[in-house]
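A short worksheet on the structure shown next.
Numbering (the working numbering), first residue to last: 1 to 238.
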């Protein structure tokens, strides 16, 4: 996704060393299973379920496949969760927000930049969205898992509250990120970031879906341009 010359930044401007590894969780389980506490088993199964969903989709995330990924016998599953539904709820409640939070931290300003003001904010947004696109290309399953879980929850009434809670958490993370970027650029928001955040997340999902469907750089660039243009209408100098 190459951005326009108006903001003078592109994928080549991103320092690869600042990007996180494709998956930041410790997906495996080590040590004798007998020594694992119930909490440790739950954590291992949640993390493995998230990775399996990223690779095989929600429907393909069977308890057998998840346990195999976690290095556990299938019989041990019900020591940690009473059902697959309970495990999926835990994934939406814990694994997705934690992973998105890690991605967000990698995109937030590190500090040390002397550029401030509205144009600095615009440039920083393009840089961060380009960095996001690089992470998406490195491991598209991460956000594909989030989208798949949201759709699956919508279609299964017992998981609908978890899906709603997951997206509310994502909106909160986006609002924190926008506020931090605004502080770094020393701008003021004309609209509460909590109202901008859902639009931001919706565009991130659009970028993900277009990449997964067509990988059309032109369309992806247009979505990015539109997102930054919209966000900047809510920004003013301090």
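Yeah, the Cβ is synthetic: ideal placement off N, Cα and C, and Gly gets one too. It should be emphasised that the depicted structure is a prediction, and the values quoted were computed from it without experimental measurement.
Answer yes or no: do residue i and residue j have a C-beta to C-beta separation smaller than 8 Å?
i	j	result
residue 194	residue 175	yes
residue 88	residue 159	yes
residue 136	residue 143	yes
residue 196	residue 238	no
residue 45	residue 75	no
residue 153	residue 141	no
Can you say whether residue i is buried or exposed, counting buried as having 16 or more other CB atoms within 10 angstroms of its CB?
i	result
residue 97	buried
residue 51	buried
residue 79	exposed
residue 82	exposed
residue 48	buried
residue 236	exposed
residue 64	exposed
residue 41	buried
residue 224	buried
residue 191	exposed
residue 60	exposed
Indicate the three-state DSSP secondary structure (helix, strand or coil) for residue i in the structure shown.
i	result
residue 239	Because the chain is modelled from 1 through 238, residue 239 falls outside the range shown and cannot be assessed.
residue 115	coil
residue 198	helix
residue 81	coil
residue 172	helix
residue 101	helix
residue 36	coil
residue 161	helix
residue 25	With a pLDDT of only 43 at residue 25, under the threshold of 50, the placement of this residue in the model should not be trusted, and no figure is reported.
In terms of residues, what are the limits of the beta strand (DSSP E) holding residue i?
i	result
residue 188	187-189
residue 236	235-237
The alpha helix (DSSP H) with residue i in it runs from where to where?
i	result
residue 231	217-232
residue 148	141-155
residue 214	Counting along the chain, residue 214 falls outside any alpha helix (DSSP H), and DSSP gives it neither H nor E.
residue 75	Run containing residue 75: none; DSSP gives neither H nor E here.
Measuring only between beta-carbons, confirm whether residue i sits less than 8 Å from chain C.
i	result
residue 55	No chain C is present in this structure, which holds just one protein chain.
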